[in-house]
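Student: Chains as they are written, first to last, in the working numbering: chain A, 1 to 170; chain B, 171 to 340. First, the structure itself, so that you have it in front of you.
Number of protein chains: 2
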Amino acid sequence: MKWHDLTDDACPLARAMGVIGDRWTLLILRECFLGVRRFDSFQKRLGVTRHLLAERLKRLETMGLLERRPYQERPLRHEYRLTASGKEFAPVLLAMQDWAQRNLPSPVPTPFTFVTRDSGEKVDPVLTDRHSGAELNHRSVLMAPAAASHAQDAAKEPKDPESPSAAQAP
Amino acid sequence: MKWHDLTDDACPLARAMGVIGDRWTLLILRECFLGVRRFDSFQKRLGVTRHLLAERLKRLETMGLLERRPYQERPLRHEYRLTASGKEFAPVLLAMQDWAQRNLPSPVPTPFTFVTRDSGEKVDPVLTDRHSGAELNHRSVLMAPAAASHAQDAAKEPKDPESPSAAQAP
DNA sequence: AAAGTTAGTTCTAATTTAGAACCTATTATC
DNA sequence: GATAATAGGTTCTAAATTAGAACTAACTTT
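Next up, the structure:
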């Protein structure tokens, strides 16, 4: 499989991996949320090679998460800013940070946290359903194939004792 | 930077990337949530090479997201199941799928969706604060360095005009 | 005039991934 | 009782990606 193939996969998660499916991209986004905007700042703070950084920034721009805009002329210099799409990624980052903090413990303290803009208090994130307000987790939610088009794929793998047409309870 | 270095980074997001920072791991987890448990099923459904699949499953086991357990003897066979830690990853997957669906559009329909276990209706995920119930997004939340230990790092990069000690408003 | 700043690009070497073939143990089929 | 089939891997070589360092370009500052 080639890298680029993921970006037009039918599965949204696969497409997402076409953007953040490497060691660096999510960390670049983290820096963006911390307010970093310039090439050299990203490079120094992350320790990523300039070569890769340039490529990743280009990809984030292509995928619409960042925009490159001039912040001065003579000499012409550009900075990278989160677009609306990039900003909407915040809940993913937050959910991931929360998961990692709970499930991948570390002896050293967390270097930064998510706080509310008004009170400055640390947030305690829960994913809920916008309509019902119910908490969304492995117990309340099920991942289900969207009938029609997926049925064909499923047919390729006949009567598997673990066929995933209805994921089992925890 | 070597791969393994991320797994004991101070930043939880970096540690998370030590687990899912590649093209395949998240897709393996997706399959787990769809109910897949066996080596060959993962391999056929994803098209990943057996070599990499074996490695990734091993890593997911090491990191505590999956457990390998026998489901038969003669011949001895093992299957992979989500652990509690793996199951708690569900909200991250959900948030990411939601983001990708909204921000990385595709001409083809989404092959599977998240539905509630009781009503079977498609969910509409929002990240909220457990305490206040407020929606958590780029407008309401700020990523802030956790004062003390980070202050030293910040000192290394003196008076940067874009110093990220207080991330700016959207 | 020399050195510094900022944002890259261009090389070579090392590491990772792809792709195919092979191995082991056991059960099913001819 | 030999031959295939199933399941879960491992072992190769070739291709692609990443690391690391050096270099360029267009200015500005000392």
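No residue lacks a Cβ here, since even glycine has one placed at the ideal position from N, Cα and C. None of these values were measured; they are calculated from a predicted model.
In chain B, what lies closer than 7 Å to A:Phe89 by C-beta?
Tutor: Stepping through the first sequence from its first residue, residue 89 of chain A is reached at position 89. Ordered by position in chain B, the residues that pass the 7 Å Cβ test against A:Phe89 are Trp269.
Student: For A:Ala95, which of B:Gln271, B:His248, B:Pro295 and B:Pro240 has the nearest alpha-carbon?
Tutor: Position 95 of the first sequence, counted from the first residue, corresponds to residue 95 of chain A. Cα-wise, what sits closest to A:Ala95 is B:Pro295.
Student: Taking buried to mean at least 16 other C-beta atoms within 10 Å of its own C-beta, is A:Arg59 buried or exposed?
Tutor: As a first step, residue 59 of chain A must be located in the first sequence, where it is residue number 59. Under this definition A:Arg59 is a buried residue.
Student: Out of curiosity, what's the CA-to-CA distance linking A:Leu76 and A:Pro70?
Tutor: Here residue 76 of chain A refers to the residue found at position 76 of the first sequence. Here residue 70 of chain A refers to the residue found at position 70 of the first sequence. One C-alpha to the other measures close to 7 Å.
Student: Is B:Ser319 helix, strand or coil by DSSP?
Tutor: Along the second sequence, read from residue 1 onward, the residue named residue 319 of chain B stands at position 149. Only weak support is given to the placement of B:Ser319: the predicted model assigns it a pLDDT of 42, under 50, and the question is left unresolved by the model.
Student: Which one or two residues does DSSP pair with A:Val19 in a beta bridge?
Tutor: Walking along the first sequence from the start, residue 19 of chain A turns up at place 19. DSSP output for A:Val19 lists no bridge partner at all.
Student: Which residue from A:Ala16, A:Gln72, A:Met17 and A:Ile28 puts its Cα closest to that of A:Arg56?
Tutor: Indexing the first sequence from 1 puts residue 56 of chain A at position 56. Measuring from the Cα of A:Arg56, the nearest candidate turns out to be A:Ile28.
Student: Return the chain-ordered list of same chain residues with a C-beta closer than 6 Å to the C-beta of A:Ala100, the five sequence neighbours on each side being excluded.
Tutor: In the first sequence, residue 100 of chain A corresponds to position 100, counting from 1. Hits under 6 Å: none found.
Student: For B:Ala186, count the other beta carbons within 10 Å of its own beta carbon; 16 or more makes it buried, fewer makes it exposed. Which is it?
Tutor: Your numbering for residue 186 of chain B matches position 16 in the second sequence. The residue in question, B:Ala186, is buried, as its Cβ has 16 or more Cβ neighbours within 10 Å.
Student: Pairs of beta-carbons, one from the segment 31-39 of chain A and one from the segment 287-302 of chain B, closer than 8 Å: are there three or more?
Tutor: Not touching, per the Cβ criterion.
Student: Using only the heavy atoms of the ligand FAD, determine whether one of them is closer than 7 Å to the beta carbon of A:Arg139.
Tutor: Looking for the ligand FAD in the displayed structure turns up nothing, as the structure carries no ligands at all.
Student: Which ranges would you report for the alpha helix (DSSP H) in the segment 70-107 of chain A if only whole runs of at least 4 residues count?
Tutor: If we require 4 residues or more, the alpha helix (DSSP H) runs fully inside the segment 70-107 of chain A come out as 84-87 and 90-103.
Student: Give the DSSP-derived three-state secondary structure of A:Pro111 in the structure shown.
Tutor: Within the first sequence, numbered from 1, the residue matching residue 111 of chain A stands at position 111. Here A:Pro111 sits in coil by DSSP.
Student: Are there three or more Cβ pairs, one per stretch, closer than 8 Å when the segment 84-98 of chain A is compared with the segment 175-184 of chain B?
Tutor: Cβ pair count under 8 Å is three or more, so yes.
Student: Look up A:Asp8 in the DSSP assignment and say whether it is helix, strand or coil.
Tutor: For the purposes of this step, residue 8 of chain A is identified with residue 8 of the first sequence, where counting begins at 1. Helix at A:Asp8.
Student: Which word fits A:Ala84, buried or exposed, when buried means at least 16 other C-beta atoms lie within 10 angstroms of its C-beta?
Tutor: Here residue 84 of chain A refers to the residue found at position 84 when the first sequence is read from its first residue. By the neighbour-count rule (16 or more Cβ atoms within 10 Å), A:Ala84 is not buried but exposed.
Student: What number of angstroms, rounded off, separates the C-alpha of A:Ala54 from the C-alpha of B:Asp288?
Tutor: The count along the first sequence starts at 1 and reaches residue 54 of chain A at position 54. The count along the second sequence starts at 1 and reaches residue 288 of chain B at position 118. If I take the Cα positions, the gap works out to 47 Å.
Student: Nearest chain A C-beta to B:Pro182 closer than 8 Å, yes or no?
Tutor: As a position in the second sequence, residue 182 of chain B is number 12, starting the count at 1. It does; some Cβ of chain A falls within 8 Å.
Student: Would B:Met187 count as contacting chain A if we go by Cβ distances under 8 Å?
Tutor: The residue given as residue 187 of chain B occupies position 17 in the second sequence. Output row for B:Met187: interface = yes.
Student: Mapping DSSP to helix, strand and coil, what is A:Ala54?
Tutor: As a position in the first sequence, residue 54 of chain A is number 54, starting the count at 1. Helix at A:Ala54.
Student: In this structure, what does DSSP give as the bridge partners for B:Ala314?
Tutor: Translated into the one-based positions of the second sequence, residue 314 of chain B becomes position 144. According to DSSP, which records beta bridges pairwise, B:Ala314 is partnered with A:Thr113.
Student: Would you say B:Val293 and B:Phe284 are within 8 Å of each other, going by their C-beta atoms?
Tutor: Position 123 of the second sequence holds residue 293 of chain B. Position 114 of the second sequence holds residue 284 of chain B. Contact flag set, yes.
Student: Residues of chain A with CB closer than 7 Å to the CB of B:Phe209, please, in chain order.
Tutor: In the second sequence, residue 209 of chain B corresponds to position 39, counting from 1. Chain A residues near B:Phe209: none, gap ~11 Å exceeds 7 Å.
Student: Taking the alpha carbon of B:Val218 as the point to measure from, which residue in B:Arg309, B:Lys257, B:Asp192 and B:Glu249 has its own alpha carbon closest?
Tutor: Indexing the second sequence from 1 puts residue 218 of chain B at position 48. Ranking the options by Cα distance to B:Val218, first place goes to B:Asp192.
Student: Check A:Asp40 in the structure and name its three-state DSSP category.
Tutor: For the purposes of this step, residue 40 of chain A is identified with residue 40 of the first sequence, where counting begins at 1. Reduced to three states, the DSSP call for A:Asp40 is helix.
Student: Mind checking B:Thr195: buried by the 16 CB within 10 Å criterion, or exposed?
Tutor: By 1-based counting over the second sequence, the position of residue 195 of chain B is 25. Buried.
Student: Taking the alpha carbon of B:Thr280 as the reference point, which residue from A:Met63, A:Gln43 and A:Ala146 has its own alpha carbon closest?
Tutor: Locating residue 280 of chain B in the second sequence gives position 110, counting from the first residue. The residue with the shortest Cα to Cα distance from B:Thr280 is A:Ala146.
Student: Is the Cβ of B:Phe282 closer than 8 Å to any Cβ of chain A?
Tutor: The count along the second sequence starts at 1 and reaches residue 282 of chain B at position 112. True, the Cβ-Cβ gap to chain A drops below 8 Å.
Student: Can you check which of these residues, A:Ala90, A:Glu79, A:Arg102 and A:Thr62, is closest to A:Val19 by C-alpha distance?
Tutor: In the first sequence, the residue the question calls residue 19 of chain A occupies position 19. That would be A:Thr62, whose Cα lies nearest to the Cα of A:Val19.
Student: Please name the residues in the segment 282-303 of chain B whose beta-carbon is closer than 7 Å to at least one beta-carbon of chain A, in chain order.
Tutor: Flagged, chain order: Phe282, Thr283, Phe284, Val285, Thr286, Arg287, Val293, Asp294, Pro295, Val296, Leu297, Thr298, Asp299, Arg300 and His301.
Student: Are A:Asn103 and B:Glu258 touching if we call contact CB-CB under 8 Å?
Tutor: By 1-based counting over the first sequence, the position of residue 103 of chain A is 103. By 1-based counting over the second sequence, the position of residue 258 of chain B is 88. Going by C-beta atoms, A:Asn103 is nearer than 8 Å to B:Glu258.
Student: With DSSP as the reference, please indicate the residues paired to B:Arg238 in a beta bridge.
Tutor: Looking up residue 238 of chain B in the second sequence gives position 68. Partner(s): B:Tyr250.
Student: Can you tell me whether A:Glu135 is helix, strand or coil according to DSSP?
Tutor: Position 135 of the first sequence, counted from the start, is the residue given in the question as residue 135 of chain A. Strand at A:Glu135.
Student: Would you please verify whether the beta carbon of A:Arg102 is less than 8 Å from any beta carbon of chain B?
Tutor: Against the first sequence, residue 102 of chain A aligns to sequence position 102. True, the Cβ-Cβ gap to chain B drops below 8 Å.
Student: Who are the Cβ neighbours of A:Ser149 in its own chain at under 6 Å, not counting the five residues just before and after it?
Tutor: By one-based count along the first sequence, residue 149 of chain A stands at place 149. Confidence in A:Ser149 is poor, its pLDDT being 42 and thus under 50, which makes the residue's placement unreliable; the coordinate value appears in the next sentence. So no residue of the chain qualifies.
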